[in-house]
Amino acid sequence: MTRRPLAFLCSSWPWRSLVYLLGSAVYAVAACLLIYTGYVYGAWVASATALLVLVVLALPSAAFERWRLRLVDRMPTDNPHVKPPKKGLRAWLSTRAREQATWRDLGFTVVGLSVLCWMDLGLVSSAFWLPVLLMSGPFQPGMHWADGLPLAAGGVLLVPISAYMLTAWAGTRAMITRAVLAPGDAEIIRSRARLVDAFEAERRRIERDLHDGAQQRLVSLSMKLGLARLDLPPGSPAETQLAEAHEEAKRALAELRELIRGIHPQVLTDRGLGAAVEDVAGRSPIPVDVDVSLPGRLPPPVEVAAYYIVSEAMTNIVKHSEARHGFIYGRLHDDTLVLEVRDDGVGGADPAAGSGLAGLADRVAVTDGVMTLSSPPGGPTSLRVEIPCPVAV
Amino acid sequence: MPRLRIALAEDGVLLREGIAGLLERFGHDVVASVGDGDALITAATEHEPDIVVADARMPPGFTDEGLRAALILRATRPQLAVLVLSQYVEQTYAAELLDSGGGVGIGYLLKDRIGDVREFVDAVERVAAGHTVVDPEVVRQLLSRRREPLSRLTPREREVLGLVAEGRSNAAIARALVVTDAAIAKHIAGILTKLDLPPAEDDHRRVLAVLAYLRGR
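So the sequence lines, in the order shown, correspond to chains A and B. Position 68 (the first sequence) corresponds to 68 in my numbering; numbering is contiguous. Position 85 (the second sequence) corresponds to 85 in my numbering; numbering is contiguous.
And the structure:
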């Protein structure tokens, strides 16, 4: 909502908010049925039914609330309920009854049925019907079309205002829902992200220390050995020994260079994700087509996460897929970085089997991103990652 | 080889002294040796050296100050020879250098290559003479893309193509592969035909044509 008005109105957010709020119709229908029961069979029967419905449906209803949060809230929601220690209905019942989360679910369902759903639907109808009604002014029977025009203009003007109103309420409601039904995980994600940032800063420091220290000294050593060889007759025992030492120093330099690249790739800091991905592709033993086009530099945490995801995915392809060709795609859609790494290999990649894919999923989770893996047996494998990327710098 | 006037930029004092000593030992003059990009620009403007040898990464930001300084110098004096040394090679850097001043008098090498002192001084001299010298590692990466006509080359032809792209002369390639100059000339003619590149007598033009081809432009 903080974006430029046109960008916001053209985005999917007003529509997502509308669908999110319309979901409350389920509660409204349930509430109407209860009121009808009270009207037909009396208050006692209605109260008993309400109680029964609440007890049975509180948990599914809370699950539904958490599920539909995804429409308007990118952060993943964890289920706050713990897993019962044993199988069976009794263990499940006793676990749930002693859980704080269950009582919160129950309370929220009561509030949802009695207050929230009416607010949602009231807002949707005023935000939706008022502009439509005004816009239909020129076509209303008994009204001259010219008189209706100002009304229609007013209706058109109301549309963007309604869009903001809907989105704002959906956002507020989502915040309330998250606070009650899925508390805590936002903080966990934030603290995970802080940890990753701290690790990244540390890696950069180590990389720089190695660059300024060990690497410089090894270059110096190699140069001195090279110079010393000039002073000795070629093929003499001393020269042979020196030549071996020289080779050893050069190998150490090459190994150190690879090590430093693994710790933190300098090209990522210097030239950004596009160049770094080209670099990964250039080093791959199988040919890789790169189609990455980004409008500029992305925020550093996004670049780093995306880089490690691509290089880990490429490592997996080379190790396991038997692919002959790889393909890397990257674009910034709106405010989401979309990455896709595909191959023409044997498929059958399973996140549960190896630590590589699980590590990838963790990386993505820290960025509030979404990872989709498609890898049927026989292939091909396609990994798609979407990372929220607020501002392109 | 005429005595070259060299401006050297490297932030590690030990290494800077070492490289200066090495170049002087081979009969060249190090007219300025500095420790950061801005100082390099000042020194190169003041001393008008034949060639600038610069570390890519220097203070204050420790990213690519040396490379940027080299590009700025090339923008004002396109004929100034520039050899950039880097702890790691990257195609983007190679491309930025090759695109400056038409790629004439450009060198881009891994810092490790300083250890092979004779080859290193040879590279400095070739770049100063207006040739293009590209690190074997960059060429290896470019060749690994394996675009279509490249896969039609025989392994030997690929080897020769790689050495051409690094900026070696026929004679140097013949020496490296222990064959005659004539055999190399035949290989090169074959490669150029397969890649649809015009035959070029001039070593230097040929290097640029091959590099442009490998970079896909």
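Glycine included, every Cβ here is placed at the ideal spot set by N, Cα and C. All of these numbers come straight from a predicted model, not from anything done at the bench.
Using beta carbons (cut-off 8 Å, strictly below), is residue i in contact with chain B?
{"i": "residue 235/A", "result": "no"}
{"i": "residue 335/A", "result": "no"}
{"i": "residue 393/A", "result": "Its pLDDT being 48, under 50, residue 393/A is placed unreliably by the model, and the measurement read from it follows with that caveat. Judged by the 8 Å Cβ criterion, residue 393/A is not in contact with chain B."}
{"i": "residue 207/A", "result": "no"}
{"i": "residue 203/A", "result": "no"}
{"i": "residue 322/A", "result": "no"}
{"i": "residue 340/A", "result": "no"}
{"i": "residue 246/A", "result": "yes"}
{"i": "residue 278/A", "result": "yes"}
{"i": "residue 88/A", "result": "no"}
{"i": "residue 231/A", "result": "no"}
{"i": "residue 264/A", "result": "no"}
{"i": "residue 241/A", "result": "no"}
{"i": "residue 11/A", "result": "no"}
{"i": "residue 259/A", "result": "no"}
{"i": "residue 227/A", "result": "yes"}
{"i": "residue 271/A", "result": "yes"}
{"i": "residue 254/A", "result": "yes"}
{"i": "residue 222/A", "result": "yes"}
{"i": "residue 163/A", "result": "no"}
Pull the bridge partners of residue i from the DSSP assignment, please.
{"i": "residue 193/B", "result": "DSSP, once it has assigned bridges, lists no residue as partnering residue 193/B."}
{"i": "residue 51/B", "result": "6/B and 81/B"}
{"i": "residue 333/A", "result": "336/A"}
{"i": "residue 5/A", "result": "Note: residue 5/A sits in no beta bridge, so no partner."}
{"i": "residue 386/A", "result": "338/A and 370/A"}
{"i": "residue 105/B", "result": "DSSP lists no partner for residue 105/B."}
{"i": "residue 327/A", "result": "289/A and 342/A"}
{"i": "residue 32/B", "result": "7/B"}
{"i": "residue 110/B", "result": "86/B"}
If you draw a straight line from the alpha carbon of residue i to that of residue j, how long is it in whole angstroms?
{"i": "residue 283/A", "j": "residue 315/A", "result": "11 Å"}
{"i": "residue 102/A", "j": "residue 30/A", "result": "20 Å"}
{"i": "residue 278/A", "j": "residue 386/A", "result": "19 Å"}
{"i": "residue 42/A", "j": "residue 51/A", "result": "15 Å"}
{"i": "residue 137/B", "j": "residue 261/A", "result": "14 Å"}
{"i": "residue 203/B", "j": "residue 126/B", "result": "12 Å"}
{"i": "residue 140/B", "j": "residue 285/A", "result": "11 Å"}
{"i": "residue 238/A", "j": "residue 232/A", "result": "7 Å"}
{"i": "residue 55/A", "j": "residue 48/A", "result": "11 Å"}
{"i": "residue 372/A", "j": "residue 329/A", "result": "14 Å"}
{"i": "residue 27/A", "j": "residue 113/A", "result": "5 Å"}
{"i": "residue 248/A", "j": "residue 297/A", "result": "39 Å"}
{"i": "residue 112/B", "j": "residue 342/A", "result": "35 Å"}
{"i": "residue 172/B", "j": "residue 160/B", "result": "11 Å"}
{"i": "residue 377/A", "j": "residue 349/A", "result": "8 Å"}
{"i": "residue 393/A", "j": "residue 32/A", "result": "At residue 393/A the pLDDT is 48, less than 50, meaning the model places this residue with poor confidence; the figure from the coordinates comes in the next sentence. Going from the Cα of residue 393/A to the Cα of residue 32/A covers about 51 Å."}
{"i": "residue 153/A", "j": "residue 162/A", "result": "14 Å"}
{"i": "residue 287/A", "j": "residue 12/A", "result": "37 Å"}
{"i": "residue 144/A", "j": "residue 177/A", "result": "47 Å"}
8 Å is my cut-off, CB to CB: does residue i come that close to chain A?
{"i": "residue 22/B", "result": "yes"}
{"i": "residue 212/B", "result": "no"}
{"i": "residue 114/B", "result": "yes"}
{"i": "residue 12/B", "result": "yes"}
{"i": "residue 144/B", "result": "yes"}
{"i": "residue 62/B", "result": "yes"}
{"i": "residue 18/B", "result": "yes"}
{"i": "residue 15/B", "result": "yes"}
{"i": "residue 139/B", "result": "no"}
{"i": "residue 108/B", "result": "no"}
{"i": "residue 221/B", "result": "Past the boundaries of the shown model lies residue 221/B; chain B is included only from 1 to 217, so the question cannot be answered."}
{"i": "residue 117/B", "result": "yes"}
{"i": "residue 194/B", "result": "no"}
{"i": "residue 87/B", "result": "yes"}
{"i": "residue 111/B", "result": "yes"}
Alpha helix (DSSP H) runs wholly inside the segment 180–253 of chain A, at least 4 long, in chain order: 185–210 and 216–230
Secondary structure, alpha helix (DSSP H): runs of 4+ residues fully inside the segment 241–323 of chain A: 266–271, 273–283 and 300–316
Fully enclosed by the segment 126–182 of chain B, which beta strand (DSSP E) runs are 3 residues long or longer? 132–134
For the segment 300–313 of chain A, list every residue whose C-beta sits within 7 Å of some C-beta in chain B, in sequence order. none
Those runs of the alpha helix (DSSP H) which lie wholly inside the segment 105–191 of chain A and span at least 4 residues: 117–135 and 145–181
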